[in-house]
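Below you'll find the structure, written out as structure tokens, and then a few comments.
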Amino acid sequence: VEFGSAEFQISYEKYFGERNSSFSFTPSLILKENFEETKSGYQLMGQYRIFLSHLRSDEGKAILGFYNIGIYGGLYGLYFDYEEDYRHGWYNNETGMFETGKFHKDIKSIEAGLMFGFQVDITERILIDFQVGGGIRDTDLEDTRAYNEEDYFYYDVFDPEYKGVKPKLGLQIGFTF
5 VEFGSAEFQI SYEKYFGERN SSFSFTPSLI LKENFEETKS GYQLMGQYRI
55 FLSHLRSDEG KAILGFYNIG IYGGLYGLYF DYEEDYRHGW YNNETGMFET
105 GKFHKDIKSI EAGLMFGFQV DITERILIDF QVGGGIRDTD LEDTRAYNEE
155 DYFYYDVFDP EYKGVKPKLG LQIGFTF
């Protein structure tokens, strides 16, 4: 897992009714450059949430002094567009030498799934949002390295190249206005 993956993310959530439902839009930008690799890309994610319960302090239902605790379920979808230039080394059996090459990959993915979570409004304006769920991710991968080697490529759920059933876990800190 590469924490701090050179990704900047910001989110906007619009509530409907008396916070009965909401729509959240989260764009993110990926940029990283060093000697070994150059990464760039973006991701767009939308979430529709239906709040199943609220415990609000202004209605006399406060727990532990929090302003509001909301439990929700919902749907999410995302689009991911990413490219990477990188170096990779291998041992050449014919020459007996270690060789390196420069390669390029393009990744485009779509993902959709279900999620459940809860929002805790610590105060009237500051909230923490925790969510868990999962979905299915379909990835279109073009990698120049795949044409030069006969290696088996294994991608796990944390890799941008991953295709399949994917868990989703999120934690956000936000401000209401």
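Those letters in the sequence shown? Residues 5 to 181, by my numbering.
Note that beta-carbon positions come from the ideal geometry of N, C-alpha and C, so glycine has one too.
The structure displayed is predicted, hence computed values, not measured ones.
Spatial distance of residue i from residue j (CA atoms)
i      : j      : result
Leu68  : Phe107 : 54 Å
Lys109 : Arg149 : 8 Å
Ile54  : Tyr76  : 5 Å
Phe122 : Asp133 : 6 Å
Asn96  : Gly105 : 12 Å
Gly93  : Lys112 : 25 Å
Ile10  : Tyr46  : The question names Ile, but residue 10 is Ala in the sequence shown. Those two C-alpha atoms are separated by around 11 Å.
Thr2   : Phe84  : Lying before the first or after the last residue shown, residue 2 is absent from the chain, which here runs from 5 to 181.
Gly168 : Ile126 : 36 Å
Ser44  : Gln13  : 14 Å
Asp160 : Leu145 : 14 Å
Local Cβ density within 10 Å of residue i, reported as buried at 16 or more and exposed below that
i      : result
Phe29  : exposed
Lys18  : exposed
Arg129 : exposed
Phe102 : exposed
Gly78  : buried
Ser26  : buried
Glu98  : exposed
Gly100 : exposed
Val131 : According to the sequence provided, residue 131 is Leu. The question's Val does not apply to it. Buried is the call here.
DSSP three-state assignment for residue i, whether helix, strand or coil
i      : result
Thr30  : strand
Arg53  : strand
Arg149 : helix
Ile111 : strand
Ser44  : strand
Glu37  : strand
Lys19  : Note that residue 19 is Tyr in the sequence shown here, rather than Lys. If DSSP states are grouped into helix, strand and coil, Tyr19 belongs with the strands.
Glu87  : strand
Asn24  : coil
Tyr166 : coil
Tyr1   : Only positions 5 to 181 of the chain appear in the structure, and residue 1 is not among them; the question remains open.
Val161 : coil
Residue from the options whose Cα sits closest to the Cα of residue i
i      : options                       : result
Ile177 : Asn96, Tyr16 and Leu79        : Tyr16
Tyr198 : Phe179, Gly117 and Tyr71      : The question about residue 198 has no answer here: the residues shown for the chain are numbered 5 through 181.
Leu59  : Met49, Gly50 and Phe70        : Phe70
Glu115 : Glu146, Ser32 and Tyr80       : Tyr80
Ser57  : Pro31, Gly74 and Thr143       : Gly74
Thr143 : Leu82, Ile34, Asn72 and Asn38 : Leu82
Closer than 6 Å: residue i CB and nearest the ligand HEM heavy atom
i      : result
Pro171 : No copy of the ligand HEM occurs in the structure displayed, which carries no ligand at all.
Checklist entry - If you pair each beta-carbon of the stretch 13-22 with each one of the stretch 79-99, do three or more pairs fall below 8 Å? => result Contact fails: fewer than three Cβ-Cβ distances are below 8 Å.
Next on the checklist: Does the contact criterion of 3 or more C-beta pairs under 8 Å hold for the stretch 171-178 versus the stretch 126-137?
Outcome noted: With the cut-off at 8 Å, the stretch 171-178 and the stretch 126-137 touch.
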